[in-house]
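In the numbering used here, the protein residues as written are 19 to 432.
C-beta atoms are modelled at their ideal positions from N, C-alpha and C, and glycine is treated no differently.
Beneath this line is the structure, given in structure tokens, with notes to follow.
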Ligand SMILES: Cc1ncc(COP(=O)(O)O)c(C=O)c1O
């Protein structure tokens with residue numbers, strides 16, 4: 019069975035809107051389009067009960083119920099308990115708060131391993147802890163292939179390691195890192211694992227019961243929802259955190275690691291994401307006795323196959339071209355490489371390529387995408403960065419073909 023792209027795209031108003039419908043949109047890793055289910059929940063919240071939630075009057079109760087529905091839906095989606103998730107303003111902020119909440123566990127001389135493949139959101143907040151005498155160890159990408167090797171982690175990790183902070187999938191390289199092995203190595207020395215899932219979550223529905231990490235973070239605005247970040251911690255790991263909210267909220271799971279306080283409407287709309295996944299499930303598989311996590315997982319098996327097909331169209335075009343440096347694996351199989359493809363062309367600046375494509379109504383990104391350390395480690399000019407084409411399941415083979423034809427008019431011939 020294949021993903022029914024007409025049905026998929028029919029759920030997204032952007033594909034019918036005259037402003038956007040003619041664009042081939044490939045900057046999804048910067049933020050994805052949203053389905054009508056999310057938009058209508060957001061609108062409903064703003065129109066019908068834009069009031070302080072959880073109060074005594076009916077409108078306020080409804081506002082609270084809509085938020086509760088989203089907490090439950092997001093938790094069930096990733097197979098977690100609602101008390102294990104925090105929904106905060108962004109992943110950057112959630113990880114910053116998490117770092118502060120774990121600081122009390124660390125003593126001068128303790129070590130944290132960060133990578134230079136990660137987005138800065140899962141690096142800078144940990145590096146700041148060196149102000150307290152914590153020693154930072156950097157797990158570095160290979161200069162040629164941009165990959166993280168487990169043998170290098172093995173050399174860094176020791177009984178002084180308290181935390182290993184690593185992305186599940188870099189927003190530039192696209193490889194799914196071997197988190198099971200990372201977790202095994204970290205847990206052997208008693209270290210906690212903080213996994214950035216921002217570039218992973220648009221492509222895979224993870225299972226918090228089997229992923230093995232202690233903390234997992236992803237951003238809902240890159241996964242078809244509103245601009246929020248989800249932070250999950252296992253109940254054991256959460257016990258190790260110090261609350262960062264108001265003292266009287268210490269026992270409230272939604273507030274302990276979210277000093278900003280929940281953003282009512284944005285959270286209430288998030289149940290629209292799982293409603294959308296359910297619509298996909300119903301369309302492709304009909305009724306089933308599966309739970310939400312299992313239904314979404316089944317849908318994402320189709321998503322994975324479709325995205326790999328799209329990725330391979332572009333990878334096949336780019337991989338043997340002269341003057342192109344492609345980051346990450348040059349072939350995609352579901353589960354090993356995301357359809358996030360970054361490259362650099364020797365002949366011209368990345369921004370120029372993005373601009374030229376924009377003139378053909380093709381949206382791609384250019385720059386370092388806050389993975390500055392990765393770009394520098396690869397010996398690339400940080401002011402130039404890379405061109406990034408990030409595809410998700412609603413992209414089509416026709417769009418990728420349009421991109422390839424567009425690139426053909428820009429890149430010098432072989
Ligand atoms: C891999 C990765 N991690 C973290 C982040 C930060 O997410 P947020 O924008 O929600 O702070 C991003 C954002 O682009 C990202 O791509």
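- The residue among 339, 388 and 375 with its C-alpha nearest the C-alpha of residue 364 is 339.
- When secondary structure is reduced to three states using DSSP, residue 401 falls in the coil class, being assigned neither helix nor strand.
- Three or more pairs of CB atoms, one per stretch, sit closer than 8 Å, so the segment 350-357 contacts the segment 314-329.
- From the listed residues 396, 299, 422 and 335, the smallest Cα separation to residue 22 is found for 299.
- If you draw a straight line from the Cα of residue 274 to the Cα of residue 404, it is about 38 Å long.
- Taking residue 118 as the centre and dropping the five residues before and after it, the same chain places the C-beta of 262 closer than 7 Å to its C-beta, in chain order.
- For residue 47, the closest C-alpha among the options 218, 178, 281 and 123 is that of 218.
- With a beta-carbon spacing of about 14 Å, residue 292 and residue 54 fall beyond the 8 Å limit used to define contacts.
- Annotation: residue 19 to residue 320 spans about 7 Å, alpha carbon to alpha carbon.
- Around the CB of residue 136, 16 or more other CB atoms lie within 10 Å, so the residue is classed as buried.
- Those residues that have a beta carbon less than 5 Å away from any non-hydrogen atom of ligand 1 are, in order along the chain, 108, 109, 110, 137, 139, 189, 214, 216, 217, 237 and 247.
- If you draw a straight line from the Cα of residue 281 to the Cα of residue 216, it is about 19 Å long.
- Around residue 38, the same chain offers 32 as residues with beta carbons nearer than 7 Å, after the five sequence neighbours per side are excluded.
- With a threshold of 16 other beta carbon atoms within 10 Å, residue 368 meets it and is buried.
- Taking residue 148 as reference, the option from 270, 61 and 131 with the minimal CA-CA separation is 131.
- Around the C-beta of residue 284, 16 or more other C-beta atoms lie within 10 Å, and the residue is accordingly described as buried.
- Under DSSP, the beta-bridge partners assigned to residue 381 are 43.
- As computed with DSSP, residue 252 is found in no beta bridge at all.
- Counted as a single uninterrupted DSSP element, the beta strand (DSSP E) harbouring residue 183 occupies residues 179-185.
- The three-state secondary structure of residue 414, taken from DSSP, is coil.
- With fewer than 16 other beta carbons inside 10 angstroms of its own, residue 72 counts as exposed.
- Within the segment 107-145, the runs of alpha helix (DSSP H) at least 4 residues long that lie entirely inside it are, in chain order, 109-120 and 142-145.
- Here residue 34 is exposed: its Cβ has fewer than 16 other Cβ atoms, across all protein chains shown, within 10 Å.
- Distance from the CA atom of residue 407 to the CA atom of residue 393, rounded to whole angstroms, is 16 Å.
- In the DSSP annotation of this structure, residue 218 is not part of any alpha helix (DSSP H), being labelled neither H nor E.
- Looking at the backbone, the Cα of residue 191 and that of residue 165 are separated by about 8 Å.
- Taking each of 210, 224 and 359 in turn and checking the Cα distance to residue 121, the smallest one comes out for 210.
- About 12 Å separates the CB atoms of residue 236 and residue 110; that is not less than 8 Å, and the two are not in contact.
- Per DSSP, residue 173 is one residue of the alpha helix (DSSP H) stretching across 168-174.
- The continuous alpha helix (DSSP H) containing residue 78 extends over residues 76-95.
- Only residues of its own chain outside the window of five on either side were considered, and among them 33 and 412 have a CB closer than 7 Å to the CB of residue 27, listed in chain order.
- Spanning the alpha carbons of residue 187 and residue 74 requires a straight line of approximately 44 Å.
- Cβ-Cβ separation between residue 297 and residue 80: approximately 23 Å, too far for a contact (criterion under 8 Å).
- Within the DSSP secondary-structure output, residue 158 pairs in no beta bridge.
- Excluding the 5 residues flanking it on each side, residue 58 has same chain C-beta neighbours closer than 8 Å at 290, in chain order.
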